[in-house]
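As structure tokens, the structure follows; a few thoughts come after it.
Residue numbers (this note's numbering): 1120 to 1499.
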């Protein structure tokens, strides 16, 4: 099997030749690993060619079966938008018309907007929210803006270079994620209790935009899956009841359009989700990623397979911090081998870290993963 065929088989809950391995890289980890290249953190974030090149370097370095493309829609003329560029102690700081961005080497870019828009549920008008989204809310004050005239350039580069050998996955943010960014986290969570009907109107507007974005990616790019990023939908933020009310109906619409276009849809939710696994499966997703184990989360892989493994593929669930970052080589080998053996008991398993690989995890430790699936993950 090719690496792409291997991942696709697992996502369709068929048995591949061996367990596929494919982790999400944090931007901090990628920047750290790319220090030995000519690609700077600013170029990696802003430039489609450099971003694609960096992703391919890292895939090859760790021998992963696929690549997750977290951002898309890079502007070809991004350099022309910079009004001032400074280098402060080796860190690039770019000034734009309405913001500055600091491109650190161990995290996402740090944004600072000159005018901060504060919103609350009492004053916002949901109908003013555009249903065509031109940005990806990567983190607080960290946005990747989308060039509507050439939104898929990074995929065109990867498709041309990889020639279909490896599995390509796109990413969109969930409607809930856009809500939290729009109102700010605290205001949004309070609004769910204060005015749930208005919150749902906001979610409906953002859902239209996410559905259009996901549908466009699925229709125009040679990808196998789209990851729906919804990191704050776990029990650390909302109850199972609120999940069913404010996440599930909108997540399902996004999953439906992705699957209608013939691609796999999976959701990424961090932290504690053990109390809502079955609810998450009601969204009609192809799979689920993360499933953080204790102590960061509360999901045990074997239990998750027993509960939802007959309807969804599972991508996980190595603890990136307590195992990969802080563990010894022997501890990592023991932990990962156990997860491989558990995952192989049912079809539909992709070995991965639960959440993204922490920035300071060493190259040597991440390289163990492909070695271990080759040694212990053979189905035949």
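Glycine included, every Cβ here is placed at the ideal spot set by N, Cα and C.
Item                                                                                                                                                                        : Value
Name the DSSP bridge partner or partners of residue 1434?                                                                                                                   : 1408 and 1469
Along the beta strand (DSSP E) that carries residue 1263, what are the first and last residues, could you check?                                                            : 1261-1264
Should the region 1338-1356 be regarded as contacting the region 1375-1389, the criterion being three or more beta carbon pairs within less than 8 Å?                       : yes
Just the C-alpha distance for residue 1487 and residue 1143, rounded to the nearest angstrom, thanks.                                                                       : 15 Å
Look up residue 1306 in the DSSP assignment and say whether it is helix, strand or coil.                                                                                    : helix
Specify whether the region 1278-1297 and the region 1207-1222 touch according to this definition: at least 3 beta carbon pairs, one from each stretch, less than 8 Å apart. : no
Going by Cα to Cα distance, which pick from 1475, 1455, 1171 and 1493 is closest to residue 1275?                                                                           : 1171
In three-state terms, what does DSSP make of residue 1479?                                                                                                                  : coil
One question on the structure: do residue 1390 and residue 1355 come within less than 8 Å of each other, judged by their Cβ atoms?                                          : yes
Taking the alpha helix (DSSP H) that residue 1254 falls in, what are its first and last residues?                                                                           : Taken as a continuous stretch (DSSP letters only), residue 1254 belongs to no alpha helix (DSSP H), being part of the beta strand (DSSP E) at 1254-1258.
Among 1133, 1130, 1137 and 1120, which has the Cα closest to the Cα of residue 1459?                                                                                        : 1137
Look at the alpha carbon of residue 1132 and the alpha carbon of residue 1413, and state the distance between them as a whole number of angstroms.                          : 26 Å
Inspect the beta-carbon positions of residue 1208 and residue 1147 and report whether they are closer than 8 Å.                                                             : no
Can you tell me where the beta strand (DSSP E) with residue 1243 in it begins and where it stops?                                                                           : From DSSP, residue 1243 is part of no beta strand (DSSP E); its letter is neither H nor E.
Pull up the distance between the alpha-carbon of residue 1228 and that of residue 1261, whole angstroms please.                                                             : 6 Å
Do residue 1329 and residue 1286 come within 8 Å of each other at the CB atom, strictly closer than that value?                                                             : no
Would residue 1333 pass as a contact of residue 1376 if the rule is Cβ separation under 8 Å?                                                                                : yes
What three-state label does DSSP hand residue 1108 in the structure shown?                                                                                                  : Limits of the chain in this structure are 1120 at one end and 1499 at the other, which puts residue 1108 out of reach.
Could you tell me whether the region 1148-1165 touches the region 1477-1484, using the rule of 3 or more Cβ pairs below 8 Å?                                                : yes
Quick check on this structure: which residue in 1308, 1368, 1161 and 1405 has the alpha carbon closest to the alpha carbon of residue 1205?                                 : 1161
I need the straight-line Cα distance from residue 1081 to residue 1272, nearest angstrom please.                                                                            : It is not possible to answer for residue 1081, since the shown part of the chain is limited to 1120 through 1499.
Taking the C-alpha atoms as reference points, what is the distance between residue 1277 and residue 1152?                                                                   : 19 Å
Quick check: what's the CA-CA separation for residue 1253 versus residue 1318?                                                                                              : 21 Å
Look up residue 1402 in the DSSP assignment and say whether it is helix, strand or coil.                                                                                    : coil
On the DSSP bridge assignment, give the partners of residue 1444 in chain order.                                                                                            : None, per the DSSP bridge assignment.
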